[in-house]
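S.K.: One structure, as structure tokens, below. Some questions next.
Number of protein chains: 2
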Amino acid sequence: MASLKYSRQRECIKSFLLSRYDHPTADTIYMNVRKEFPNISLGTVYRNLALLASLGEIIKITVDGADRFDAHVEPHSHFICKNCHQVLDLHVENEELIQAQAQKNFPGQIEGHVVQYFGLCSTCLKEQQVLSQHAEAL
Amino acid sequence: MASLKYSRQRECIKSFLLSRYDHPTADTIYMNVRKEFPNISLGTVYRNLALLASLGEIIKITVDGADRFDAHVEPHSHFICKNCHQVLDLHVENEELIQAQAQKNFPGQIEGHVVQYFGLCSTCLKEQQVLSQHAEAL
DNA sequence: TTAAGAAACAATAATCATTATCATTATTGA
DNA sequence: TCAATAATGATAATGATTATTGTTTCTTAA
Numbered sequence: 000m001a002s003l004k005y006s007r008q009r010e011c012i013k014s015f016l017l018s019r020y021d022h023p024t025a026d027t028i029y030m031n032v033r034k035e036f037p038n039i040s041l042g043t044v045y046r047n048l049a050l051l052a053s054l055g056e057i058i059k060i061t062v063d064g065a066d067r068f069d070a071h072v073e074p075h076s077h078f079i080c081k082n083c084h085q086v087l088d089l090h091v092e093n094e095e096l097i098q099a100q101a102q103k104n105f106p107g108q109i110e111g112h113v114v115q116y117f118g119l120c121s122t123c124l125k126e127q128q129v130l131s132q133h134a135e136a137l
Numbered sequence: 000m001a002s003l004k005y006s007r008q009r010e011c012i013k014s015f016l017l018s019r020y021d022h023p024t025a026d027t028i029y030m031n032v033r034k035e036f037p038n039i040s041l042g043t044v045y046r047n048l049a050l051l052a053s054l055g056e057i058i059k060i061t062v063d064g065a066d067r068f069d070a071h072v073e074p075h076s077h078f079i080c081k082n083c084h085q086v087l088d089l090h091v092e093n094e095e096l097i098q099a100q101a102q103k104n105f106p107g108q109i110e111g112h113v114v115q116y117f118g119l120c121s122t123c124l125k126e127q128q129v130l131s132q133h134a135e136a137l
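One line per chain: the protein sequences are A and B, in this order. Under numbering that gives the first Met the number 0, the first sequence is numbered contiguously, ending at residue 137. Under numbering that gives the first Met the number 0, the second sequence is numbered contiguously, ending at residue 137.
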């Protein structure tokens, strides 16, 4: 019961995600998987993303707007640019220590944590600097 | 232009949020504010929540499901129970240090961060322990 | 005080992301 | 090969949020 059957669509979704490091949304995944399966439906994409996430084979990243997905499951954090909204990986040394620290004050059982950082990515930072130089010049 | 006008509805939304520590959703806020303003519309609630958040007077918490709101803006983190889905406050000593740590490896400009912890709250933890004792007894 | 302009309102339609339904197709194990 | 059943594609439904519209309420300055 509840046994899992192979599906080529699911395989394709997972291998697409493994090839990407930019945390695509369900819609982006849909657009790309359609190159190989022109008739795949968006519902199938969502269904398989939920299944893969429940198996721990991918990670769902809940952010403002549409959820994003990542097949690279080694622990790491994410940086979200408030200007261009791209999601970048960010590995922080010893970040996991905060969980033990948090557990000290907390009567429940902490099983995991996620950290999201916000700000300007290097590209948008440069753009902003250029703009402020222009403003100075006036 | 773009000056802010007082509104009793906005005041009511904010004072309701100040009275609560359980991070209600827009819908919960709507239900409660209706006690004082029976004709208020859900759109007004959303509009004012967005406005207050942009002013920094409240915080929007993006979680799975509906967004939640918090008028207690002192830095603190949140714990989300994976069983009952309630959101609890959690203050972690020195948590802010991870942001400097993260900046070390990152070429952009990190301006903020949020941490969410997951697991079982103390109530659900106890329930689960009772259940597993019953299972042992069989 | 009152008329003009601006901001906020209530009501509701529209949008967007996601989930559910259902008839059909694909996979798997006997 | 064939029966059992999981997965699919198409599409309807849902839930959260945003946008639109016409009306009301403030504010301000004549």
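Just so it is clear, CB atoms sit at the ideal spot from N, CA and C, and this is done for glycine as well.
1) Taking all protein chains shown into account, do 16 or more other C-beta atoms lie within 10 angstroms of the C-beta of His133 (chain A), making it buried, or fewer, making it exposed?
2) With DSSP as the reference, label Val32 (chain B) as helix, strand or coil.
3) Should Tyr5 (chain A) go down as buried or exposed, given a rule of 16 or more other Cβ atoms within 10 Å for buried?
4) Count the other CB atoms, across all protein chains shown, that sit within 10 Å of the CB of Gly64 (chain A); report buried if there are 16 or more and exposed otherwise.
5) Could you tell me the distance, in whole angstroms, from the CA atom of Glu126 (chain B) to the CA atom of Ser121 (chain A)?
6) Does Val72 (chain A) get closer than 9 Å to chain B when you measure Cβ to Cβ?
7) Indicate the three-state DSSP secondary structure (helix, strand or coil) for Met0 (chain A) in the structure shown.
8) Taking its Cβ as the centre, do 16 or more other Cβ atoms sit within 10 Å of Ser53 (chain A), making it buried, or is it exposed?
9) Tell me the rounded alpha-carbon separation between Ser14 (chain A) and Pro37 (chain B).
10) Is Asp21 (chain B) near Val114 (chain B), with beta carbons less than 9 Å apart?
11) Can you tell me which of the three DSSP states Gln39 (chain A) falls into?
M.R.: With the structure as the only source:
1) Flag for His133 (chain A) reads exposed.
2) The three-state reading of DSSP puts Val32 (chain B) in helix, counting H, G and I together.
3) Looking at its Cβ environment, which holds fewer than 16 other Cβ atoms inside 10 Å, Tyr5 (chain A) is exposed.
4) So Gly64 (chain A) ends up on the exposed side.
5) Between Glu126 (chain B) and Ser121 (chain A), the C-alpha separation is close to 48 Å.
6) Between Val72 (chain A) and chain B, the shortest Cβ-Cβ separation is not below 9 Å.
7) Bear in mind that the predicted position of Met0 (chain A) carries a pLDDT of just 46, short of 50, making it unreliable; the figure below should be weighed with that in mind. Of the three classes helix, strand and coil, the one that applies to Met0 (chain A) here is coil, per DSSP.
8) With fewer than 16 other Cβ atoms inside 10 Å of its own Cβ, Ser53 (chain A) counts as exposed.
9) Taking the straight line from one Cα to the other gives about 53 Å.
10) Cβ atoms of Asp21 (chain B) and Val114 (chain B): not closer than 9 Å.
11) Per the sequence shown, the amino acid found at residue 39 (chain A) is Ile instead of Gln. Correct three-state label for Ile39 (chain A): coil.
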